[in-house]
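Single-structure report; data block below.
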Amino acid sequence: MDEILIGIAFGFVCLIIGMVLFYDGIKISPIGGQHSILNVGATIINLSPGFFLMILGILILFGIIVSN
């Protein structure tokens, strides 16, 4: 039972941190402006860790739900 709770907690932590990083990535790099291609690249780089963590959290939670 403890392993399930730890997994759920870890999944939610990943999800929340991912959402925060994802949101900060959007705020930090506005798309457009003088160097639009560079800004789009910076946005993708900034979003990737947050997006990855969000997906990881969803997969962990989904895996726990499916396994039970």
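Counting the sequence shown from 1 gives a position; the working numbering is that position plus 43.
We put the beta carbon where it would ideally sit given N, CA and C, even for glycine.
Nothing here was measured: the structure is a model prediction, and the numbers come from that model.
Residue i (DSSP reduced to helix, strand or coil)
{"i": "Met23", "result": "The chain is shown only over 44 to 111; residue 23 falls outside these bounds and no answer can be derived."}
C-alpha distance - residue i paired with residue j, whole-angstrom precision
{"i": "Ile59", "j": "Ile47", "result": "18 Å"}
{"i": "Asp45", "j": "Ala52", "result": "11 Å"}
{"i": "Ile107", "j": "Ile49", "result": "10 Å"}
{"i": "Phe94", "j": "Phe105", "result": "16 Å"}
{"i": "Leu99", "j": "Leu64", "result": "13 Å"}
{"i": "Pro92", "j": "Gly61", "result": "7 Å"}
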